[in-house]
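Novice:
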Amino acid sequence: QVQLVESGGGLVQPGGSLKLSCTASGNIFNMYGMGWYRQAPGKQRESVATISSGGTTYGDWVAGRFIISRDNAKNTVYLQMYSLEHEDTAVYYCNLWTMTGTNYWGQGTQVTVSS
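Numbering-wise (our numbering), the sequence shown opens with residue 24 and increments by one.
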C-alpha cells in the first residue's frame with residue numbers, strides 16, 4: 024500500500040504564491056511518477072503537472088505559473104505556484120502512479136485564492 028500526505032494549501036491573495044508538498048511512503052518501490060491534479064467545485068478533476076523519469080508535463084492553462092519538482096531522496100514532490108488567480112481555487116490532489124499502472128491519491132489540500 025502507498026500513502027500520500029499533502030501539505031501547503033491555504034488562503035492566498037490573487038497574485039500570490041504557494042508551495043504544495045506531497046510525501047509518499049509505503050510500497051513505493053514500483054513508483055514511476057508523481058503529479059498534482061485539482062478539482063474545483065462543480066468541475067471535473069484536471070491534471071496540473073506531472074513528473075517522472077520521462078520528464079514533466081503541465082496543463083495548457085498553467086502558462087508557466089507553476090513548477091513541479093521532486094526530491095527522490097525524500098520521496099516528495101512539490102508544486103510551486105506563482106501568480107495565483109481566483110480560478111486556481113480548488114482542492115489539489117497528489118497522485119502517484121506505478122510502472123504497472125496503479126494510481127494512488129492523497130486526501131487533497133484546499134487552495135483558496137481570494138482577496
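Glycine included, each C-beta is placed from N, C-alpha and C at the ideal position. From a predicted model like this one, the values you see are computed outputs, not experimental measurements.
1) Below 8 Å CB to CB, which residues in the same chain sit around Gln141 once its five sequence neighbours on both sides are set aside?
2) Note the first and the last residue of the continuous beta strand (DSSP E) segment covering Ala113.
3) So what does DSSP say about Ala86, is it helix, strand or coil?
4) Would you say the segment 55-75 touches the segment 100-114, given that touching needs at least three Cβ pairs under 8 Å?
5) If you run the structure through DSSP and keep just helix, strand and coil, what is Asn95?
6) With distances taken Cα to Cα, identify the nearest neighbour of Arg88 among Thr132, Gly78, Asp94, Glu108.
7) So what's Glu108 in DSSP terms, helix, strand or just coil?
8) Touching or not, the segment 118-130 and the segment 50-64, by the rule of three or more beta carbon pairs under 8 Å?
9) Put Lys42 into one of helix, strand or coil per three-state DSSP.
Specialist: Based on what the coordinates show:
1) Summary: the structure shown does not reach residue 141, with the chain confined to residues 24 through 138, and so no result is reported for it.
2) In the sequence shown, residue 113 corresponds to position 90, counting from 1. First-last of the beta strand (DSSP E) with Ala113: 113-121.
3) Indexing the sequence shown from 1 puts residue 86 at position 63. Shown here, Ala86 sits in coil according to DSSP, grouped into three states, outside any helix or strand.
4) Taking 8 Å as the limit for Cβ pairs, the verdict is that the segment 100-114 does touch the segment 55-75.
5) Along the sequence shown, one-based indexing puts residue 95 at 72. For Asn95, the three-state secondary structure derived from DSSP is helix.
6) Working through the sequence shown from its first residue, we reach residue 88 at position 65. When each option's Cα is compared against that of Arg88, the closest is Glu108.
7) Your numbering for residue 108 matches position 85 in the sequence shown. If DSSP states are grouped into helix, strand and coil, Glu108 belongs with coil.
8) By the criterion of at least three beta-carbon pairs nearer than 8 Å, the segment 118-130 is in contact with the segment 50-64.
9) Within the sequence shown, residue 42 is the residue found at index 19, counting from 1. In the structure shown, Lys42 adopts extended strand secondary structure according to DSSP, grouped into three states.
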